[in-house]
Amino acid sequence: MTTLDSGTAPVEAPRAPVAVLTPHSVDEALRLLAADGAAVLGGGVGHTLRRHDRGPATTPTTLVSVRSLPGLTSISWSPDHVTIGAGVRLSVCAADERLAQVWPVVTEAAGSVATGRIRRMVTLGGNIAARDDSHDPPVALTAVGATLLVRGPEGSRTTTIGDLGSLRGDELVEHITLPLPAAPSPGQAAVRTGSAYEKFLVRGVWEYACVNVAAVVGLDPEGTAQRLSLAVGSVAGGPVAVDLSGLLGTPLDRGLIEEAAGIAAATTRPYSDVKGSAEYKTRMIAEFSRRALRAAVRRAEQDPSVSGGER
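Put into structure tokens, the structure is as follows:
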């Protein structure tokens, strides 16, 4: 009911109280999560949505806050990878200049989520753990080949976005690792790397994507495709990593981009909803795959790591 509706406002059913616990370590958080009715509290967006639904099966009785746990809120760099804590907010990811130089596809995906206010609340780990095929960062992370470190009562394990369906309620995504583009070996030509994220919204920023695509390309000095990654979201089982291995070793020109877009459209299964029919979305997958690949190629051609610039 809005303020313009007539009549008496409905009386809301009483909500059960929720306890909020603040552990001081990951191990303590895992012990608390093992209790019945416990759930992780990061930015709080997911919990707010569950409370709005008022479904007794989806409303926890205890929230375990992980927003201040050591190691979960930082971005660290090594020679061959970057590690992002699961508690890092999407606004921080989107604004990280060093990350934008190396993996603009990730910062663009993080920066395209909803509004600035939402991005300042949502954590990267929470966005991933929701396992929503329309969420933006998981699509970009799939394209770059990211891995996740998951901690649970039985220890740690490494998994990927595509295999996260096995995440249990007593487990916690601790951090996300993104490989850095490989440096050339002595005597080998450098591979120029570029990436890009494209998202198609039908009506506005509050809506989930109709189609979202992430692309990564690697070019040798002759313009031949040495790396070609494409991930598609908002489809069944998404994000889906499109197999483009058969196109490697060929010139990355307009014809190859068209072929890759066709493969993406043919090998993903969009579903019909209020944002469009499955047939319409298939056409949009092809179109936005082209756009993402073109943007990634342009960036690869300007890769500062090849011309002596710093990452």
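Residues in the sequence shown are numbered consecutively from 1, following the numbering used here.
Glycine is no exception: its CB is placed at the ideal position from the N, C-alpha and C atoms.
- Query: Around the Cβ of V88, are there at least 16 other Cβ atoms within 10 angstroms (buried) or fewer (exposed)?
  - Reply: Your numbering for residue 88 matches position 88 in the sequence shown. With 16 or more Cβ atoms within 10 Å of its Cβ, V88 is classed as buried.
- Rounded to a whole number of angstroms, what is the C-alpha to C-alpha distance between R54 and A278? As a working mapping, residue 54 is identified with position 54 in the sequence shown. As a working mapping, residue 278 is identified with position 278 in the sequence shown. Note that R54 scores a pLDDT of 47, beneath 50, so its modelled location is shaky; the value from the coordinates is reported in the next line. Distance from the CA of R54 to the CA of A278, rounded to the nearest whole angstrom, comes to 31 Å.
- V150 to L30 span [Cα, whole Å]: For this step, residue 150 is matched to residue 150 along the sequence shown. For this step, residue 30 is matched to residue 30 along the sequence shown. When rounded, the separation of the alpha-carbon atoms in V150 and L30 is 11 Å.
- Message: Quick check on the burial criterion: 16 or more other C-beta atoms within 10 angstroms. Buried or exposed for V20?
- Response: The count along the sequence shown starts at 1 and reaches residue 20 at position 20. By the 10 Å Cβ count, V20 comes out exposed.
- Item | Under the three-state DSSP convention, the category Y280 falls into | As a working note, residue 280 is residue 280 in the sequence shown. Helix at Y280.
- Which value, in whole angstroms, describes the spacing of the CA atoms of G194 and G204? Position 194 of the sequence shown, counted from the start, is the residue given in the question as residue 194. Position 204 of the sequence shown, counted from the start, is the residue given in the question as residue 204. G194 and G204 have their alpha carbons spaced roughly 28 Å apart.
- Task: Could you tell me if T3 is buried or exposed, where buried requires 16 or more neighbouring beta carbons within 10 angstroms of its beta carbon?
- Result: Translated into the one-based positions of the sequence shown, residue 3 becomes position 3. Note that T3 scores a pLDDT of 41, beneath 50, so its modelled location is shaky; the value from the coordinates is reported in the next line. Exposed, since its Cβ has fewer than 16 Cβ neighbours within 10 Å.
- Message: Does V297 pass the burial test, meaning 16 or more other C-beta atoms within 10 Å, or should it be called exposed?
- Response: Looking up residue 297 in the sequence shown gives position 297. Flag for V297 reads buried.
- Message: Mapping the DSSP letters down to three states, classify D5 as helix, strand or coil.
- Response: Within the sequence shown, residue 5 is the residue found at index 5, counting from 1. Here the model assigns D5 a pLDDT of 47, short of 50, so the residue's position is not dependable, and the following value carries that caveat. Three-state result, D5: coil.
- For H175: DSSP bridge partner residues: Position 175 of the sequence shown, counted from the first residue, corresponds to residue 175. Paired residues: G85, L149.
- Message: Rounded to whole angstroms, what is the Cα-Cα separation between A266 and Q226?
- Response: As a working mapping, residue 266 is identified with position 266 in the sequence shown. As a working mapping, residue 226 is identified with position 226 in the sequence shown. Each residue's alpha carbon lies about 23 Å from the other.
- Query: For L69, which of helix, strand or coil comes out of DSSP?
  - Reply: For the purposes of this step, residue 69 is taken as residue 69 along the sequence shown, with counting starting at 1. In this structure, L69 counts as coil in the three-state DSSP scheme.
- Task: Given a cut-off of 9 Å, decide if A94 and Y197 are closer than it, judged by their beta-carbon atoms.
- Result: Residue numbering aside, residue 197 sits at position 197 when the sequence shown is read from its first letter. Residue numbering aside, residue 94 sits at position 94 when the sequence shown is read from its first letter. Not in contact: Y197 and A94 (Cβ atoms no closer than 9 Å).
- Message: Buried or exposed, going by whether 16 or more other CB atoms sit within 10 Å of the CB of T158?
- Response: Here the question's residue 158 lines up with position 158 in the sequence shown. Answer is exposed; the Cβ neighbour count stays below 16.
- Sub-9 Å separation of A214 and S229 beta-carbons: Here residue 214 refers to the residue found at position 214 when the sequence shown is read from its first residue. Here residue 229 refers to the residue found at position 229 when the sequence shown is read from its first residue. Less than 9 Å divides the Cβ of A214 from the Cβ of S229.
- Task: Can you grab the Cα-Cα spacing for the pair G116 / D136, in whole Å?
- Result: As a working note, residue 116 is residue 116 in the sequence shown. As a working note, residue 136 is residue 136 in the sequence shown. G116 and D136 have their C-alpha atoms some 14 Å from each other.
- Item | Nearest residue (CA-CA) to G125, options A100, E97, L99, V92 | In the sequence shown, the residue the question calls residue 125 occupies position 125. By alpha-carbon distance to G125, the top candidate from A100, E97, L99, V92 is V92.
- Please list, in chain order, all residues of the same chain as R120 whose beta carbon is under 7 Å from its beta carbon, the five residues on each side excluded. Sequence index remark: in the sequence shown, residue 120 carries index 120 (1-based). Within the same chain, R120 has close Cβ partners R89, S91.
- Note down, in chain order, each residue of its chain lying with its Cβ closer than 7 Å to the Cβ of G308, except the 5 sequence neighbours on either side. For the purposes of this step, residue 308 is taken as residue 308 along the sequence shown, with counting starting at 1. Residue placement at G308 is poorly supported in this model, since its pLDDT is 42, which falls under 50; the coordinates still yield a value, given next. In the same chain as G308, and ignoring 5 residues on each side of it, no C-beta atom comes closer than 7 Å to its own.
- I think D319 touches P179, with their Cβ atoms under 8 Å apart; what is that distance to the nearest whole Å? The requested residue 319 does not occur in the structure, where the chain is confined to residues 1 to 311.
- From A38 to G237, what does the alpha carbon distance come to, in whole angstroms? Here residue 38 refers to the residue found at position 38 of the sequence shown. Here residue 237 refers to the residue found at position 237 of the sequence shown. When rounded, the distance between both Cα atoms is 27 Å.
- Residue range of the unbroken beta strand (DSSP E) whose run includes L219: Here residue 219 is taken as the residue at index 219 of the sequence shown, counted from 1. For L219, the enclosing beta strand (DSSP E) stretches over residues 211-219.
- Report the residue from P70, D96, S78, R98 whose alpha carbon sits nearest the alpha carbon of G85. Along the sequence shown, one-based indexing puts residue 85 at 85. The shortest Cα separation from G85 among P70, D96, S78, R98 belongs to P70.
- Task: Could you give the DSSP three-state label for R203: helix, strand or coil?
- Result: One-based indexing of the sequence shown puts residue 203 at position 203. R203 falls in the coil class under three-state DSSP.
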